[in-house]
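Data first, discussion second: the structure below is written as structure tokens.
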Amino acid sequence: ELQARAIRLLSSSQGSTMDPFIHMYQLETADRQHLISAVKGLQKKDRYQEAAHLAKKMHLQPYLNFRELCTPLLLQDKLNVVEGYVSNSPELQQELVRLLDSWCHPDFNLGNLLQQYPGLQQVKHERMHPKSLSKFVTRLLDTYKIDSELCPNVKQYRALGAMKFLFYQKYGEKAMDDENWNDHISVAVGNNPWLQEQLVMMLCSYRDVTAAARWARRLKMPHDRLPSAVLWILSNQRQEDGSEEEESAMAYSSREDCYQLPVPLDQVIFIDNLADLEMHLPAMLQPGCTLGVDMEWRPSFGVLSQPRVALVQVARRDRVLLLDLPRLSEEEEEESGRQPGQRRLARATNVEPRAHVTGYDVGGDIQYLLTSYPMLKPALQQSSRVLDIAVLQKQARGATAPRTTEERGLSLLVLQTLGKALDKRQQLSEWERRPLTTAQLLYAASDAYCLLEVYDGLLQKAKAAKLSVNLEKCMVGKKVQKPRHSDPAPDDPATLPAANLTRPPESCSREPMSVRNFAVVCDSMLQGLGRYLRCLGVDVHILENIEEHRKAAEV
Numbered sequence: 001e002l003q004a005r006a007i008r009l010l011s012s013s014q015g016s017t018m019d020p021f022i023h024m025y026q027l028e029t030a031d032r033q034h035l036i037s038a039v040k041g042l043q044k045k046d047r048y049q050e051a052a053h054l055a056k057k058m059h060l061q062p063y064l065n066f067r068e069l070c071t072p073l074l075l076q077d078k079l080n081v082v083e084g085y086v087s088n089s090p091e092l093q094q095e096l097v098r099l100l101d102s103w104c105h106p107d108f109n110l111g112n113l114l115q116q117y118p119g120l121q122q123v124k125h126e127r128m129h130p131k132s133l134s135k136f137v138t139r140l141l142d143t144y145k146i147d148s149e150l151c152p153n154v155k156q157y158r159a160l161g162a163m164k165f166l167f168y169q170k171y172g173e174k175a176m177d178d179e180n181w182n183d184h185i186s187v188a189v190g191n192n193p194w195l196q197e198q199l200v201m202m203l204c205s206y207r208d209v210t211a212a213a214r215w216a217r218r219l220k221m222p223h224d225r226l227p228s229a230v231l232w233i234l235s236n237q238r239q240e241d242g243s244e245e246e247e248s249a250m251a252y253s254s255r256e257d258c259y260q261l262p263v264p265l266d267q268v269i270f271i272d273n274l275a276d277l278e279m280h281l282p283a284m285l286q287p288g289c290t291l292g293v294d295m296e297w298r299p300s301f302g303v304l305s306q307p308r309v310a311l312v313q314v315a316r317r318d319r320v321l322l323l324d325l326p327r328l329s330e331e332e333e334e335e336s337g338r339q340p341g342q343r344r345l346a347r348a349t350n351v352e353p354r355a356h357v358t359g360y361d362v363g364g365d366i367q368y369l370l371t372s373y374p375m376l377k378p379a380l381q382q383s384s385r386v387l388d389i390a391v392l393q394k395q396a397r398g399a400t401a402p403r404t405t406e407e408r409g410l411s412l413l414v415l416q417t418l419g420k421a422l423d424k425r426q427q428l429s430e431w432e433r434r435p436l437t438t439a440q441l442l443y444a445a446s447d448a449y450c451l452l453e454v455y456d457g458l459l460q461k462a463k464a465a466k467l468s469v470n471l472e473k474c475m476v477g478k479k480v481q482k483p484r485h486s487d488p489a490p491d492d493p494a495t496l497p498a499a500n501l502t503r504p505p506e507s508c509s510r511e512p513m514s515v516r517n518f519a520v521v522c523d524s525m526l527q528g529l530g531r532y533l534r535c536l537g538v539d540v541h542i543l544e545n546i547e548e549h550r551k552a553a554e555v
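Right, dumping it as structure tokens:
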């Protein structure tokens, strides 16, 4: 009787007194029906947070309607409360994902849902947008290890976002050719009738009705789902006998105004089996050699499943190897099943410690590679470090021309260093498709080989500009210990540039000067230093945030 009275008081008490109440009256042993009634009483008073807390403390989740209790909390953006409520129940975790996924359906009406909770306060309407919901669902899938097949509406919304991005790349930026665009659109649309209809409507909105008709025919879409303009073209156009395939198979023409691969195409070697890997890769990894390394993977376009690294490019001065890691890893797993302990892939990719490996912004690529292929971790841990060209670029910033084009990243650096930008038309290719096209082979090889020439060019320009470059600060990965009894070769590129380009400090032979005779110009990022120097009596001019750096020279 005392517990029953305590439960009635609990329904009207403040949330902060709930835990002491439960402990004081040992409500864990109270009648379950009384506790359930208390939770429902809190719900009727719109005290959903306290109801969820009490239900979790008393382990009442199996006896309550999940959606009735947690929907108001989600509408109020109290996600942490809901996550705590479902923390120990895989079934409720899946139910939470299903609920959020249902709110991403194109026909979902938030107004109809809110009518069920007329007294609900502090509803976060902006958090109910599919963009926010899909991000939350994606995090839950990763946290709870739930299959993405459980949320078809989120996948559909992400696919629509991928389509919008592809349309912008083709019709806005004009950065994709028809072949790559068609490949990615086919993957994004799949067999989803709603996405197929959106594709045709979007093509019409971009005034490409001919392409809309071609896709409608290709997807065998019912005529009652097509716009009248598309129907008119279909009724007045003969059946295209493979014309689309012929267009996509047109010969790839390289752009003369872009960077050209210096080695012939027959020296670009595609490796898709362990025997070829063991024959070609160790021959490239000689002590003191300089390598350029890059990676490619299929663009995810925001979809739920993360693609794996599909290709690793290793470039030397005279050739380029393209490693088909998906196929190589499959062969490795097959051999490991027959002969446990065999690790041919890991052994073959164990880079010579004194090889000089270069990459661009390579730290993230290495982590992504290890995520895709954990079996390579021992080999990469024992291998030499990688010199990050992006870090070297920052050190040699004064040796390159300022940015005057829309190029970005490595393409901009190639333009500034070598005079021509990279041809990025194949960047968003379907890199897991086999065989790769000639255009893909050239792009992949160029991306790795250009690192060698950019590396040489940056060092030469930095030396000409008398800039100090510390290659040790450009390294990514495990430090390599030097042999005790052997000195590095005099022409070893891993040590020579740093020794030559890092100038020793000059001895100061000037007489001390009065602080009144000392004047400096400070960049806007050094405002704190400038103010401190002013306190010491120094004549300081601090550039404003909006002033260009040439103002310093004028001052």
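Read in UniProt numbering, the sequence shown has 156 at position 156, and its numbers run on one by one without any break.
By construction, the Cβ of each residue, glycine as well, lies at the ideal position given by its N, Cα and C atoms.
- Task: Tell me, please, whether the stretch 469 to 476 touches the stretch 414 to 434 by the rule of three or more beta-carbon pairs shorter than 8 Å.
- Result: The stretch 469 to 476 makes no contact with the stretch 414 to 434; the number of CB pairs closer than 8 Å stays below 3.
- Is DSSP giving Gly292 helix, strand or coil here? strand
- Message: Can you list, in chain order, the residues of its chain with a C-beta nearer than 8 Å to that of Val97? Leave out the 5 residues immediately preceding and following it.
- Response: Val137, Leu140, Leu141, Tyr144, Ile146, Leu150 and Cys151
- Query: Looking at the unbroken alpha helix (DSSP H) that takes in Ile366, where does it start and where does it end?
  - Reply: Val362 to Ser372
- Task: Alpha carbon to alpha carbon, how far is Phe167 from Gln76? Give it in angstroms, no decimals.
- Result: 35 Å
- Item | Assigned exposure category for Glu511 - 16 Cβ within 10 Å defines buried | exposed
- Item | Distance between beta carbons of Trp215 and Leu199, contact taken as under 8 Å | 6 Å
- Selection from Arg433, Pro326, Leu345 and Arg158 that minimises the alpha carbon distance to Pro106: Of the candidates Arg433, Pro326, Leu345 and Arg158, the one whose C-alpha sits nearest the C-alpha of Pro106 is Arg158.
- Which listed residue (Arg531, Leu451 and Tyr206) has its alpha carbon closest to that of Leu418: Leu451
- Task: Could you tell me which uninterrupted beta strand (DSSP E) segments, each at least 3 residues in length, are contained entirely in the stretch 448 to 481, listed from first to last along the chain?
- Result: none
- Item | Buried/exposed call for Leu285, threshold 16 Cβ in 10 Å | buried
- Query: Where does Tyr63 land, buried or exposed, given buried means 16+ other C-beta within 10 angstroms?
  - Reply: exposed
- Message: From the DSSP secondary-structure annotation, give me the bridge partner or partners of Gly77.
- Response: At residue 77 the sequence reads Asp, which differs from the Gly that was named. Note: Asp77 sits in no beta bridge, so no partner.
- Can you give me the start and stop residues for the alpha helix (DSSP H) that Cys204 sits inside? Segment Pro193 to Ser205, the alpha helix (DSSP H) holding Cys204.
- Item | Bridge partner(s) assigned by DSSP for residue 559 | Any property of residue 559 remains undetermined from this structure, which presents the chain solely from 1 to 555.
- Examine the ligand HEM and report whether any of its heavy atoms sits within less than 8 Å of the Cβ of Leu413. Looking for the ligand HEM in the displayed structure turns up nothing, as the structure carries no ligands at all.
- Message: Assuming Val520 is part of the beta strand (DSSP E), what are its boundary residues?
- Response: Unbroken beta strand (DSSP E) run through Val520: Ala519 to Cys522.
- Delimiting residues of the beta strand (DSSP E) encompassing Thr358: If you look at Thr358, you'll find it in the beta strand (DSSP E) that goes His356 to Gly359.
- Item | Candidates Ala212, Ile271 and Ser37: closest to Pro435 by CA position | Ile271
- Is DSSP giving Val540 helix, strand or coil here? Val540 falls in the strand class under three-state DSSP.
- Item | Whether Val357 touches Val309 by CB criterion (9 Å) | no
- Query: Going by beta carbon distance, what residues of the same chain come within less than 6 Å of Gln440, once the five residues before and after it are set aside?
  - Reply: For Gln440, where only same-chain residues beyond five positions count, the Cβ hits under 6 Å are Gln426 and Ser429.
- Query: So Ala30 is in the beta strand (DSSP E); what residue range does that whole segment cover?
  - Reply: It is not in any beta strand (DSSP E) - Ala30 carries neither H nor E in the DSSP assignment.
- Task: Going by CA-CA distance only, name the one from His53, Glu91 and Lys57 that's closest to Leu73.
- Result: His53
- Query: Between Cys522, Arg327, Arg385 and Val268, which lies nearest to Tyr443 when the distance is taken from Cα to Cα?
  - Reply: Val268
- Query: In whole angstroms, what separates the C-alpha of Val540 from that of Arg408?
  - Reply: 35 Å
- From Tyr449 to Val391, what does the alpha carbon distance come to, in whole angstroms? 18 Å
- Message: Using CA atoms only, rank isn't needed, just tell me which of Met513, Cys258 and Ile366 is closest to Gln416.
- Response: Cys258
- Spatial neighbours of Ser89 in its chain, beta-carbon cut-off 7 Å, leaving aside the 5 residues before and after: Gln61
- Query: Which whole-angstrom value is the C-beta distance of Leu281 and Thr349, which I expect to be below 8 Å?
  - Reply: Contact flag correct, Cβ pair sits at about 7 Å.
- Message: For Val312 and Leu291, which I take to be in contact (beta-carbon distance under 8 Å), what is that distance rounded to the nearest angstrom?
- Response: So it is not a contact: roughly 11 Å between Cβ atoms.
- So is Phe518 buried or exposed if we call it buried at 16+ other beta carbons inside 10 Å? exposed
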